[in-house]
Amino acid sequence: MAADPAQARIRMRDPGPVSGHMPGYVRAAQLVAHGGNPNMPGWNAQDIPDQSGRIAVVTGANSGLGYVTARELARKGARVVLACRSEARGNEAVGRLLAEVPDAIAEFWPLDLGNLGSVREFVDELPYEGIDLLVNNAGVMALPHGTTVDGFETQFGVNHLGHFALTGLLFPRLLCTPGARIVNLSSGAHALGNIDIDDLNSERNYRRWTAYGRSKTANLLFTHELARRLAAVGSGVVAAAAHPGYAATNLQTAAPKMQGRKGAERFMEIGNRFFAQSAEAGALPTLYAATAPDVRPDAFIGPRILGWRGAPAKSWRASWTLNDQAGERLWAASERLTGVTYEGLKSKKRAAGRPRSGRRCGRPVRRYG
Numbered sequence: 046m047a048a049d050p051a052q053a054r055i056r057m058r059d060p061g062p063v064s065g066h067m068p069g070y071v072r073a074a075q076l077v078a079h080g081g082n083p084n085m086p087g088w089n090a091q092d093i094p095d096q097s098g099r100i101a102v103v104t105g106a107n108s109g110l111g112y113v114t115a116r117e118l119a120r121k122g123a124r125v126v127l128a129c130r131s132e133a134r135g136n137e138a139v140g141r142l143l144a145e146v147p148d149a150i151a152e153f154w155p156l157d158l159g160n161l162g163s164v165r166e167f168v169d170e171l172p173y174e175g176i177d178l179l180v181n182n183a184g185v186m187a188l189p190h191g192t193t194v195d196g197f198e199t200q201f202g203v204n205h206l207g208h209f210a211l212t213g214l215l216f217p218r219l220l221c222t223p224g225a226r227i228v229n230l231s232s233g234a235h236a237l238g239n240i241d242i243d244d245l246n247s248e249r250n251y252r253r254w255t256a257y258g259r260s261k262t263a264n265l266l267f268t269h270e271l272a273r274r275l276a277a278v279g280s281g282v283v284a285a286a287a288h289p290g291y292a293a294t295n296l297q298t299a300a301p302k303m304q305g306r307k308g309a310e311r312f313m314e315i316g317n318r319f320f321a322q323s324a325e326a327g328a329l330p331t332l333y334a335a336t337a338p339d340v341r342p343d344a345f346i347g348p349r350i351l352g353w354r355g356a357p358a359k360s361w362r363a364s365w366t367l368n369d370q371a372g373e374r375l376w377a378a379s380e381r382l383t384g385v386t387y388e389g390l391k392s393k394k395r396a397a398g399r400p401r402s403g404r405r406c407g408r409p410v411r412r413y414g
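When you read off a place in the sequence shown, starting at 1, and then add 45, the result is the number in the numbering used here.
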């Protein structure tokens with residue numbers, strides 16, 4: 046990496062008109078003014094287009110937002126791969142999904158995003174040559190300091206690097222599938238964190254919420270840079286991002302439970318009960334980003350009302366998540382750390398000849414079986 050700290054470090058400030066550090070009432074007014082989209086009033090799961098014949102991979106699909114996302118895609122006809130770390134919980138989720146949607150096509154495949162060996166094994170074992178939809182949903186939040194199997198800080202390693210590697214290894218199957226999409230789950234909490242290329246593992250001063258915000262910033266920068274590179278080679282693959290707002294899932298209580306902090310766990314449970322929207326509502330931005338025909342590359346979709354709850358809408362994002370230089374540096378660091386490069390995106394200059402979008406997969410696509 047660059048030796049000059051001024052070059053290597055990306056200090057995230059937001060000089061633009063929508064700042065994460067402005068007074069709350071000003072930001073709220075801007076979110077109301079700019080967060081809504083009249084083209085999608087009241088959009089819900091019933092509005093998902095038919096997904097018959099499509100193959101969707103959803104990470105972290107055994108519970109919460111991931112489970113709802115997988116279930117609703119299956120309800121609309123997609124064959125859904127529930128990619129989860131726990132075999133017991135993954136198989137239980139498949140059984141629950143089939144009980145709710147008897148004609149669904151769903152299956153569990155083991156995937157541990159905190160272990161790059163597991164990511165490679167998942168991709169090697171997955172039998173489908175074409176992937177229509179990849180939803181990078183799994184994540185951890187505000188955990189005590191820890192490291193993945195490969196030695197990365199847990200939140201950055203799982204939330205970003207694991208998904209960067211998974212997307213890259215599956216990329217040839219997405220690139221050769223007409224209409225393919227990649228959706229990365231971020232959070233409004235991206236405003237809490239910056240990216241320091243010299244300290245991606247937060248070794249200097251670990252703060253669990255700052256580290257979480259950094260990982261969510263990484264999700265948005267990854268989406269931005271991926272969308273830029275796809276456009277440069279003329280690909281029709283769409284990369285977008287989404288966030289659930291404040292949705293009641295087990296993610297909020299996981300960290301306090303791990304630390305034995307009963308008071309904090311109870312506080313989160315009360316917040317979920319009285320203030321959060323349901324997981325069903327929280328999954329709508331993801332489902333919109335994954336299926337709505339008018340989603341543009343690098344879109345960021347979240348709840349309409351102040352980014353907390355409501356129907357899907359274009360969401361506010363900090364200007365640093367649209368920084369081309371930051372995206373390039375994070376991409377280069379992610380390739381170095383994971384050892385994964387994206388076949389077909391080796392050059393950001395448009396390839397000569399026909400665009401890559403719609404290219405046939407190298408071998409017959411295994412759709413079912």
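Using N, Cα and C, we set each Cβ at its ideal position, and we do this for glycine too.
Hey, could you find the ends of the alpha helix (DSSP H) residue i is sitting in?
i: residue 104; result: That residue, residue 104, is in no alpha helix (DSSP H); its beta strand (DSSP E) goes 100 to 104.
i: residue 155; result: No alpha helix (DSSP H) holds residue 155; the beta strand (DSSP E) holding it covers 150 to 155.
i: residue 378; result: 369 to 383
Helix, strand or coil, according to DSSP, for residue i in the structure here?
i: residue 336; result: helix
i: residue 172; result: coil
i: residue 197; result: coil
i: residue 96; result: coil
i: residue 217; result: helix
i: residue 230; result: strand
i: residue 107; result: coil
i: residue 250; result: coil
i: residue 180; result: strand
i: residue 88; result: coil
i: residue 185; result: coil
i: residue 192; result: strand
When burial is assigned at 16 or more other CB atoms within 10 Å of the CB, is residue i buried or exposed?
i: residue 97; result: exposed
i: residue 152; result: exposed
i: residue 94; result: exposed
i: residue 140; result: exposed
i: residue 343; result: buried
i: residue 192; result: exposed
i: residue 77; result: Note that residue 77 scores 37 on pLDDT, short of 50, meaning its location in the model is unreliable; the coordinates nonetheless yield the value given after this. When all chains shown are included, residue 77 counts as exposed.
i: residue 224; result: exposed
i: residue 217; result: buried
i: residue 157; result: buried
i: residue 187; result: buried
Give me the DSSP bridge partner(s) of residue i.
i: residue 242; result: The partner list for residue 242 (beta bridge, DSSP) is empty, contrary to what the question assumes.
i: residue 129; result: 155
i: residue 348; result: 357
i: residue 165; result: Residue 165 is not bridged to any residue.
i: residue 124; result: 100, 150
Check for me: the beta strand (DSSP E) holding residue i runs from which residue to which?
i: residue 324; result: That residue, residue 324, is in no beta strand (DSSP E); its alpha helix (DSSP H) goes 324 to 327.
i: residue 480; result: A query on residue 480 cannot be resolved here, the shown segment of the chain reaching from 46 to 414 and no further.
i: residue 283; result: 283 to 287
Quick test of the definition: if touching needs 3 or more C-beta pairs under 8 Å, does the segment 191 to 202 touch the segment 259 to 270? Of all C-beta pairs linking the segment 191 to 202 to the segment 259 to 270, three or more are shorter than 8 Å, placing the two stretches in contact.
Across the segment 226 to 238 and the segment 358 to 368, are there enough close Cβ pairs to call them in contact, namely three or more that are closer than 8 Å? yes
Does the pairing of the segment 381 to 388 with the segment 279 to 290 give three or more beta-carbon distances under 8 Å? no
Cβ contact check for the segment 324 to 332 and the segment 264 to 275: 3 or more pairs under 8 Å: no
State whether the segment 152 to 172 contacts the segment 110 to 118, with contact taken as three or more CB pairs (one from each stretch) at a distance under 8 Å. no
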